[in-house]
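So the mapping is simple: the numbering used here equals the position in the sequence shown, first residue as 1, plus 16. Since the structure comes first, as C-alpha cells, the remarks are kept for the end.
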Amino acid sequence: MGVNVLVTGANGQLGRSIKKQENQWPNFRFIYTDSKTLDITNQNAVETFFKKNSIAYCINCAAYTAVDQAEKDQDQAFKINALGPKHLALACKASNAVLIHISTDFVFDGCKTSPYTENDTPKPINVYGRTKLQGENFIVQTTEQYIIIRTSWLYSEYGHNFMKTMLRLSKTRSEISVVNDQVGSPTYAGDLATAILKIMDSKTIQYGLYHYSNTGETSWYGFAKTIFKFAGIDVKLSPITSVQYPTLAKRPKYSVLKNDKLLEQFNIKAPRWESSLKKTLGGLTEHNQG
C-alpha cells in the first residue's frame, strides 16, 4: 500500500476521473470524500480527518461551480471555494502534506487576446471567480507545499457539463442556439486527472501555480459544433452573442490558458482539445452517462 491521498469532491467530474485511473498508480492509496463524509467548510472536521488518516497528499476537487447561482448564494460559494481550501491548507501544513488545488480560468477578466500565463494579474468579474481567487490566496498565505492548477471548460463522461448538456438537448430540439463570443479551451477531466497524478508521482515537485487545459481554443458555439460533428448528430446550430443570452454572472470573453510552465517543470504535455473530445465521445457508450 502506498501513501494516503485524500480526494475531496470525489463525486464530481475530476474526482470520478481520478478514481477511474487509480489502479494505474499503485504507489498511492486513495481516500475519497464528498461533502457528507468530509465537510471542508468545517475546520475541526478537516483537522481531525487528516490526523486520523495520515494524509500525505490532498487533491481538492471540491468546489461550488454553479457560476450563475453563486451570484445569489455568495456566502456558500465563499465557504466552499475560499474557506474550504484555507482549512485544507492549514491541515496540510500541520501534517506536512502536499495540497493540490484546482482553480479556474474565471479568475481572469477576459480582456486579453492571447493566452493567460501564471504571471498575469487575476481580475475576476463574477462571484465564482472572486471566491476561487480568494481560495488561491488563502492557500499561498497558509502553506508552502502547494500546487494550484487553473483549468478551463471542464467536461467528461461524468456529472453535469457542456458536452453532456448538448447531447441531451439534441434529443429533444431540432435547433440549438449557443454563444459564439466567449473563447476558451475545453478540457477533458480525464486528461487533467492524469496530469495531477503525474505531478504527484514526479521525483521532485516544484511547488507553485500552474495552468493546465487542453491546447487550442474555440467558442462555446465551436465546441458544440465539434461535439455534434464527432457524435454524428444532425442538429441546426445557431451562433448568438452573450447579449442575446443574458446570464446572472458575467463571463470572460477570452480565457485561454498557457500551459508552458507545466510542460517545462513536469514535462506534461496537454493533448489538443479536439482529439480528447473525439476520444471521450467514442468511449461514451462504455460508460453510464449519469
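Cβ coordinates follow ideal geometry from the N, Cα and C atoms, glycine included.
Test item: CB-CB of residue i and residue j under 7 Å
{"i": "F65", "j": "K102", "result": "no"}
{"i": "T99", "j": "T57", "result": "Checking the sequence shown, residue 99 turns out to be Leu, not Thr. Yes. Within cutoff."}
{"i": "N18", "j": "F44", "result": "Inspection of the sequence shows that residue 18 is occupied by Gly rather than by Asn. Their beta carbons are under 7 Å apart, which means G18 touches F44 by this criterion."}
{"i": "V194", "j": "A240", "result": "yes"}
{"i": "D207", "j": "S292", "result": "yes"}
{"i": "K294", "j": "F246", "result": "yes"}
{"i": "P138", "j": "W169", "result": "no"}
{"i": "A286", "j": "T210", "result": "no"}
{"i": "I308", "j": "A113", "result": "Since the first and last residues shown for the chain are 17 and 306, residue 308 lies out of range."}
{"i": "A107", "j": "E38", "result": "no"}
{"i": "E173", "j": "L30", "result": "no"}
Environment of residue i [buried if 16+ CB atoms lie within 10 Å]
{"i": "S271", "result": "buried"}
{"i": "K180", "result": "buried"}
{"i": "V368", "result": "As shown, the chain starts at 17 and ends at 306. That puts residue 368 outside it, with no answer to give."}
{"i": "C77", "result": "buried"}
{"i": "A86", "result": "buried"}
{"i": "H176", "result": "exposed"}
{"i": "H81", "result": "In the sequence as displayed, the identity of residue 81 is Thr instead of His. Buried is the call here."}
Beta-carbon separation (whole angstroms), residue i vs residue j, contact threshold 8 Å
{"i": "T147", "j": "C74", "result": "Contact flag wrong, Cβ pair sits at about 19 Å."}
{"i": "I284", "j": "L225", "result": "So it is not a contact: roughly 15 Å between Cβ atoms."}
{"i": "Y204", "j": "N275", "result": "Going by Cβ atoms, the distance from Y204 to N275 rounds to 14 Å, so no, they are not a contact pair."}
{"i": "Y223", "j": "E160", "result": "6 Å"}
{"i": "D136", "j": "F124", "result": "7 Å"}
{"i": "N97", "j": "A79", "result": "6 Å"}
{"i": "Y132", "j": "L273", "result": "5 Å"}
{"i": "A282", "j": "I215", "result": "In the sequence under discussion, the amino acid at residue 282 is Phe, which differs from the Ala named in the question. Yes, F282 and I215 are in contact; Cβ-Cβ is about 6 Å, under 8 Å."}
{"i": "A26", "j": "K35", "result": "7 Å"}
{"i": "N69", "j": "L22", "result": "7 Å"}
{"i": "F94", "j": "Q157", "result": "Not really, about 16 Å apart at Cβ, beyond 8 Å."}
Own chain, CB closer than 8 Å to residue i, minus 5 neighbours either side, in chain order
{"i": "A61", "result": "L54 and D55"}
{"i": "K88", "result": "L264"}
Identified DSSP bridge partners for residue i
{"i": "C74", "result": "L22 and L115"}
{"i": "G245", "result": "The question names Gly, but residue 245 in the sequence shown is Lys. DSSP lists no partner for K245."}
{"i": "V143", "result": "Its beta-bridge partners do not exist; DSSP assigns none."}
{"i": "P255", "result": "V194"}
{"i": "G224", "result": "I163"}
{"i": "F46", "result": "V21"}
{"i": "R336", "result": "Missing from the structure shown is residue 336; the chain here goes from 17 to 306 and no further."}
Neighbourhood of residue i by C-beta distance below 6 Å, restricted to the same chain and skipping five residues each side
{"i": "V83", "result": "Y144 and A265"}
{"i": "R267", "result": "Q198"}
{"i": "S119", "result": "K148, E152, I164 and R166"}
{"i": "F178", "result": "Y171"}
{"i": "I249", "result": "S186"}
Residues near residue i by beta carbon distance below 7 Å, same chain, minus five either side
{"i": "E290", "result": "G232 and T242"}
{"i": "T188", "result": "none"}
{"i": "E341", "result": "Nothing can be reported for residue 341, as the shown portion of the chain is limited to 17 through 306."}
{"i": "L185", "result": "I192"}
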